[in-house]
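Peer 1:
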Amino acid sequence: MSSPSKRREMDVMKLMMSDYNVETINDGLNEFNVEFHGPKESLYEGGVWKIRVELPDAYPYKSPSIGFVNKIFHPNVDEMSGSVCLDVINQSWSPMFDLLNIFEVFLPQLLLYPNPSDPLNGDAASLMMKDQKQYDQKVKEYCERYAKKENITKSPADEETDDDEDVTDEEAGSSDDEIAGHADP
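Mapping of the sequence shown onto full-length UniProt numbering: residues 1 to 185, in sequence order.
1. Check whether chain D comes within 8 Å of Q137, counting only Cβ atoms and requiring the distance to be less than that.
2. Closer than 8 Å by C-beta to L112: which residues in its own chain qualify, once you throw out the five before and the five after it? Chain order, please.
3. Taking buried to mean at least 16 other C-beta atoms within 10 Å of its own C-beta, is I25 buried or exposed?
4. Please state whether DSSP places N121 in a helix, a strand or coil.
5. What is the DSSP secondary structure of S65, reduced to helix, strand or coil?
6. Is K71 buried or exposed, if buried means 16 or more other CB atoms sit within 10 Å of its CB?
7. Would you call the segment 50-70 and the segment 117-128 touching, i.e. three or more CB-CB distances under 8 Å?
8. Grab me the residues of D87's own chain with a C-beta within less than 7 Å of its C-beta, minus the 5 sequence neighbours each way, in chain order.
9. When burial is assigned at 16 or more other CB atoms within 10 Å of the CB, is M17 buried or exposed?
10. For K6, which of N21, L29 and V22 has the nearest alpha-carbon?
11. Could you check how far apart the C-beta atoms of G82 and F68 are, in whole angstroms? I think they sit under 8 Å.
12. Closest to Y61 by C-alpha separation, out of D136, F97, E23 and Q134, would be which residue?
13. Would you mind sorting D136 into buried or exposed? The rule is 16 or more other CB atoms within 10 Å of its CB.
14. Please identify the residue among S65, E79, N76 and K130 whose C-alpha is closest to the C-alpha of I102.
15. Helix, strand or coil for N101? Go by DSSP, reduced to three states.
16. Pick from Y142, L99 and E141: whose alpha carbon is nearest that of M10?
17. Is DSSP giving N90 helix, strand or coil here?
18. Can you list, in chain order, the residues of its chain whose CB lies under 7 Å from that of M128, leaving out five sequence neighbours each side?
19. Would V105 be called buried (16 or more neighbouring beta carbons within 10 Å of its own) or exposed?
What follows is the structure, encoded as structure tokens:
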């Protein structure tokens, strides 16, 4: 059972058998989405995110690539792509870890202890360092707007139309055509 492919299969199955909702992409074990809830007693408590996980061929010797599908306001997460700072993952990754560690240890630690000195989201890092109270408020606003259970089941096109809630269809013009041209993140 020491081959990387058997280890990958075992880790993915272990994650699927856990309390996490896992949705495979293209019927393979290399890419999948996992429903992740913000840690208790954190600014992100009550938030629900869809996390995209991509396992490299060299997994478990090389860390998985993880990203938030729905938006999150955090210094170490790129707001547009949802990518998590690779340094954060790679510095702590070891083949001894499995996929459950990502959702039970790594992501909760990332959300509980953001590192504004190594940002992927400069606005979040700057706000966190200059005005903690306003940063906290913005995190909560993002959780309220983007990190709800119903948000993780929406298509990206649905989420984009939510950004213009106060705009009527006539005011927005033909927004369906514009959205159709956007590439999926």
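All C-beta atoms in this analysis are idealised placements derived from N, C-alpha and C, irrespective of residue type, glycine included.
Peer 2: Per the coordinate set shown:
1. In the structure shown, chain D does not exist; there is a single protein chain.
2. Apart from the 5 residues on each side of it in sequence, L112 sits with its Cβ closer than 8 Å to the Cβ of P39 and S42 in its chain, given in chain order.
3. Per the 10 Å Cβ criterion, exposed.
4. Three-state result, N121: coil.
5. DSSP places S65 within a strand segment (E or B) once states are collapsed to three.
6. Within a 10 Å sphere around the beta-carbon of K71 sit 16 or more other beta-carbons, which makes this residue buried.
7. Taking 8 Å as the limit for Cβ pairs, the verdict is that the segment 117-128 does not touch the segment 50-70.
8. Excluding sequence neighbours, D87 sits near D118.
9. By the neighbour-count criterion, in which a residue is buried when 16 or more other Cβ atoms sit within 10 angstroms of its Cβ, M17 is exposed.
10. Nearest to K6 by alpha-carbon distance, out of N21, L29 and V22, is L29.
11. Separation of the CB atoms of G82 and F68 is rounded to 4 Å, and the pair is thereby assigned contact status at 8 Å.
12. A check of alpha carbon separations from Y61 across D136, F97, E23 and Q134 identifies F97 as the nearest.
13. Here D136 is exposed, its C-beta having fewer than 16 other C-beta atoms within 10 Å.
14. When only C-alpha atoms are compared, the closest one is S65.
15. Of the three classes helix, strand and coil, the one that applies to N101 here is helix, per DSSP.
16. Nearest option by C-alpha distance: L99.
17. It is helical.
18. Result list for M128: P75, P114, P116 and Y135, in chain order.
19. Classification of V105: exposed, given that the 10 Å Cβ count is below 16.
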